[in-house]
Amino acid sequence: MFGDLFEEDYSSVSNDHYGKGRKLKTKALELPAPRGFTNLSGIRNQGGTCYLNSLLQTLHFTPEFREALFSLGPEELGSLEDKDKPDAKVRIIPLQLQRLFAQLLLLDQEAASTADLTDSFGWTSDEEMRQHDVQELNRILFSALETSLVGTSGHDLINRLYHGTIVNQIVCKECKNVSEKQEDFLDLTVAVRNVSGLGDALWNMYVEEEVFDSDNLYHCGTCDRLVKAAKSAKLRKLPPFLTFSLLRFNFDFVKCERYKETSCYMFPLRINLKPFCEQSELDDLEYMYDLFSVIIHKGGCYGGHYHVYIKDVDHLGNWQFQEDKSNPDVNLEDLQNEEEIDDPLMILKAVLLQEESNLIPVDQLGQKLLKKIGISWNKKYRKQYGPLRKFLQLHSQIFLLSSDESTVSLLKDCSLQAESDIRGNDPQLLKTLTSEPPGLNDRPSCPHWFDINDSRVQPIKEKDIEQQFQGKESAYMLFYRKSQLQRPPEARANPRYRVPCHLLNEMDAANIELHVKRAECDSTNNNFELHLHLGPHYHFFNGALHPVVSQTESMWDLTFDKRKTLGDLRQSIFQLLEFWEGDMVLSVAKFVPAGLHVYQTLDGDHLTLCEIEIADGEDIFVWNGVEVGGIQIPAGSDCEPLLLNVLHPATSNEEEECQQLIDSPHVFPSNAEIAEDSCLRPIDRNGKLLCPVPDNYTLKEAELKMGSSLGLCPGKAPTSSQLFLFFAVGSDVQPGTEMEIIVEETISVRDCLKVMLEKSGLSGDAWHLRKMDWCYEAGEALCEEDAALKELMLCSGDTLLLIEGKLPPLGFLKVPIWWYQPRGPLHCWKSHQDQTDCTFSQGGVWRADSIQDAPSDAHAEVSLRYLGDVEISEDATLGELKSQAMTLPSFSEFSIPSPAFLRAWMVESKRPGRLLRAHYQQLREYKLGQRTEICLEPLQKEENLGPQHVLLRTQMRLPGKRAYALPVDLVWDTARGWTAGSLRHRVADFYSLPVEKIEIAKYLPEKFEWLPVPSWNQQITKRKKKKKQDNLQGAPYHLKDGDTIGIKNLLVEDDDDFSTVRDDIGREKQKEFALGKKKSQEALRVRSGDVPSGAETPARPRGPEASLSIHVGSFR
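Quick look at the structure:
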């Protein structure tokens, strides 16, 4: 069920152990890095083995397990050299585990490799890349070790250290008979859901009883009947090391999905298991366990990463923080000078810290409390916390009371906990309480905790464990050791303790080899190449340095150690150049297209080459610092020479300029200024001359880059108060054909238009200016003729177009008028030419051919005929616009009695769009833009549409045919709502049909589809479960003026089909077009080599469900 539950989340894995290409077996191409400041070694991740690394580090920092494994010699386990011999019984897994522990203890490397160990497991590269559950691995690894150690003195290693027993009891309420069943365990699985922490979970498991009564009675063998009984469980035997597996991952059977419990789950640093044990007559210390390892899972139920918090029991690592500073000695007398402390835990722990043995009678504790804070426990704390003795009992994880409760002591490893408590209240007091001589880190009471995350090892503080109580990154396995387990003094800070001699010799030899190789690698990595350019071999020409003879003879290559100083480099060059006389200056130089240029001079002979940031392959110019060949050399980035290709007119033999332009390279310093008698103009990639560069600009300000093309042109460049503009006549402009003009930025649009007309040789006042947009088309007109160009945000380099036609005055509109006459029985107005289908072949007509059986114009592109332009004030009414349109010469063809017989539409996408109603409404209120076009439709009679009226084109379906009659206009009053029922009643009344005997549908011309309008007028939303009125204005209908409504008479035709032959043809053409487009895109991808034809980019599949296993040989 949990196949890919613990799939590795590589986002949290460093590049040190998960490199490019996801190599299956990492072979170190470089030497492993030495140990960090913690002096502890991590374990490299093979791709998905963070769960294995966390468990191995926990076993490694369990000294009793590690030393028991080291006690098994080659005579029992065999030798790795004999593992390939057919008859040899080599116990490979314990041997590789021994070797890995020895490497973690002694080998000077940042991270050890588990490749040999996983090979001994029989794992393939796929197993090393697949993530598994660390709780499952814990059980499987212990089983494999037990099998591997059969027949050796370590056959009971796992059983001796981790084996415990649970007894399940059922007690009969009648005869008191007890039925027992004993169970063995290597780890305890505890619930996380609906419990506050480890203590709460253990209480539910081993203290609370399950009662059998009512309908759930127990059959007692002694009573031989169903009786009331109580079932309970107790811990009978406790192992030296107790492991708790937290049930963080569960399955929600309602949602049918996996999830991770991220709620708060607290666990103590020390736990007393006496209340949960069957036998409780022993001393409390027999039941005390200290936390020493927390395996943490970060992520969700479908992926994540493991790391581990570990307590260094033997103090093998360097537990120091870089921000730590030496503190003065403890001085609790300062406590009296602090603000009053309200937390009794903090003050009691501070008092106990003053005692030499941390042991004091309870009565004296109250007296010392009074002496320190000047107030007794009863007056200060009793009302809120109760009696002092009860308070000490409730905090058994901190205070240890004797059996008669007469004395109290501070539990081991709680001094840091005291610091953590005080920290939140008074940092200054914390500094006083925790200050210590330099030897504090060597004190047994100071726990050393580390966060080991694969290769990375960092020290942490004990209070950091609380951060793993909850969240996506939280504790997953807890490891406790008996508090009575004491380590021998010789094991303290001694990684060689109990390590077998053959492993000591192997690690020592490996360290010597690593040291030699690192020295060789260090020497190689710190040498770099320098290119020395000797000043006497160069001369200054055309703004840069050039070799006198050849580049080979002028440049020397020098290999030098970058850890040495600049003075060492100068001395080495002096020794190489025996001929050098006088001062020697070393400067950084670089090759530019113009030649070699000198930048900054190197100073500070006491600085190393790394400190002055000399790079590998750096060019160093060796000279006297003043001149080369008698010429003073400009140095620095400001004087960097630029090589520019300058275009200028060619000259003939008679020294006359020709029309042909030629380019020649020239070198300029970057701070050079352009000459005043000409101007430079950049040239784009198409060869077009751009806006001239102002005379006072530097090349840097002009944004000229290396290799830029410039045109040397006659005339002066525009000043800061002038604009350089391109202009052309008409809207059809080809790039490069524009004319140019320089004008003052304060000139008005009207004056600028006159200057351009004069330069173009045009006359008249029927012209206006438009600015060319970014896609090289005519944009918005410059309507404000009196406005200055600067006010209209025009810039140098902009292009203006001279368009024929005078702009309307301010407040007036110039509106193109079109004629629109749909076919139908109510649209019988015709021109004198009797153009019945209203399609034309002239350039001023939009047209489309109709198709047989099409529902009139609803299926075809609408035909519009251009009549002319009307110039009208924005304050005029719609009726006045119609009246003025009737005065157009082209309108004389039509016989329209009055403007009331015309319907006005805004033209959108070459067809009627928005309906303009309200005959007396001003055009300003319609918000018509400068480019708005209007089409006029003739009417048979006057109409007065109100704001609640909707004009629809209705068509009755012809019985027995897949076709419709000609469209008829229908006006629908929506005052009672835009509901389907209202529309159906209006259509039924209009056609004199029963409402239940019609079906209606809206036509979607762009899809060639009909969307039926349902006969019900209510719909139920899925979320709120309440009814709401449907609205045909909203999705999916979006009903508006001019839409086509198809009507079907169910009295003569009762099928559900609304489509026509034309719809079938249209949909087929759309499919062919879409298929052709898809094929062309696939062909384009195939040609570009992106993906093979027909290939889809596969999504990353979930890992297959696979069980975890370790293969072990038979040693029985």
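Numbering of the sequence shown is given in my numbering, commencing with residue 14 and proceeding in unit increments.
Ideal Cβ placement from N, Cα and C applies to all residues, glycine included.
Predicted model only: the values in this text are computed from it and were never measured.
Can you check DSSP and say which residues form a bridge with residue 495?
302
Does the Cβ of residue 66 have 16 or more other Cβ atoms within 10 Å, making it buried, or fewer, making it exposed?
Buried: at least 16 other Cβ atoms inside 10 Å.
Looking only at C-alpha atoms, which of 552, 888, 158, 113 sits nearest to residue 168?
158
Excluding sequence positions up to five away, which residues of its chain have a Cβ less than 6 Å from the Cβ of residue 601?
612, 613
Okay, do the segment 549-556 and the segment 632-649 touch, 3+ Cβ pairs below 8 Å being the bar?
yes
Between the beta-carbon of residue 251 and the beta-carbon of residue 286, is there less than 9 Å?
yes
Taking the beta carbon of residue 233 as the centre, do at least 16 other beta carbons fall within 10 Å, making it buried, or is it exposed?
buried
Write down the C-beta distance between residue 91 and residue 104 rounded to the nearest angstrom, noting that I regard them as a contact closer than 8 Å.
6 Å
Just mark residue 884 as buried or exposed, buried being the case when its beta carbon has 16 or more other beta carbons within 10 Å.
In the assembly as shown, residue 884 is an exposed residue. Its beta-carbon has fewer than 16 other beta-carbons within 10 Å.
Go to residue 249, then tell me how far its beta strand (DSSP E) extends in each direction, as first and last residue.
Where residue 249 is concerned, the enclosing beta strand (DSSP E) stretches over 242-250.
So, helix, strand or coil for residue 173, using DSSP?
Helix at residue 173.
Mapping DSSP to helix, strand and coil, what is residue 70?
helix
Near residue 1121, which residues of its chain fall below 7 Å by C-beta distance, leaving aside the five closest residues on each side in sequence?
145, 149, 150, 153
What distance in whole Å lies between the Cβ atoms of residue 904 and residue 898, which are believed to be in contact at a cut-off of 8 Å?
6 Å
Could you tell me the distance, in whole angstroms, from the CA atom of residue 1131 to the CA atom of residue 1046?
Nothing about residue 1131 can be reported from this structure: the residues present for the chain run from 14 to 1129 only.
Taking its Cβ as the centre, do 16 or more other Cβ atoms sit within 10 Å of residue 831, making it buried, or is it exposed?
buried
Can you tell which of 910, 967, 930 has its C-alpha closest to the C-alpha of residue 954?
910
How would you call residue 303, buried or exposed, if buried means at least 16 neighbouring beta carbons within 10 angstroms?
buried
Compare the beta carbon distance of residue 621 and residue 577 with 9 Å and say whether it is the shorter of the two.
yes
Taking all protein chains shown into account, do 16 or more other C-beta atoms lie within 10 angstroms of the C-beta of residue 1126, making it buried, or fewer, making it exposed?
exposed
Work out the CA separation of residue 931 and residue 763 for me, nearest whole Å.
Rounded to the nearest angstrom, the two C-alpha atoms are 38 Å apart.
Just how far apart, CA to CA, sit residue 259 and residue 310?
11 Å
On the DSSP bridge list, what partners appear for residue 311?
318, 486
Can you tell me whether residue 597 is helix, strand or coil according to DSSP?
DSSP, read as helix, strand or coil, puts residue 597 in coil.
In the DSSP output, what is residue 886 paired with across the bridge?
825
Would residue 704 be called buried (16 or more neighbouring beta carbons within 10 Å of its own) or exposed?
buried
Report yes or no: do the segment 502-520 and the segment 119-132 share at least 3 C-beta pairs separated by less than 8 Å?
Short answer: they touch.
Less than 9 Å separating the beta-carbons of residue 184 and residue 245?
Against a cut-off of 9 Å, the Cβ pair of residue 245 and residue 184 comes out as a contact.
Using three-state DSSP, classify residue 610 as helix, strand or coil.
strand
Can at least three beta-carbon pairs, one atom from the segment 307-323 and one from the segment 68-77, be found at a separation below 8 Å?
yes
So what's residue 726 in DSSP terms, helix, strand or just coil?
strand
Are the segment 1059-1071 and the segment 1012-1023 in contact at 8 Å, needing three or more beta carbon pairs?
yes
Return the chain-ordered list of same chain residues with a C-beta closer than 8 Å to the C-beta of residue 76, the five sequence neighbours on each side being excluded.
326, 327, 500, 504
Put residue 216 into one of helix, strand or coil per three-state DSSP.
DSSP places residue 216 in helix when its eight states are reduced to three.
What's the call for residue 921, buried or exposed, on a 16-neighbour Cβ count within 10 Å?
exposed
Here's a check: name, in chain order, each residue in its chain whose Cβ is nearer than 6 Å to the Cβ of residue 795, leaving out the five neighbours to either side.
Taken in chain order, the residues that qualify are 762, 782.
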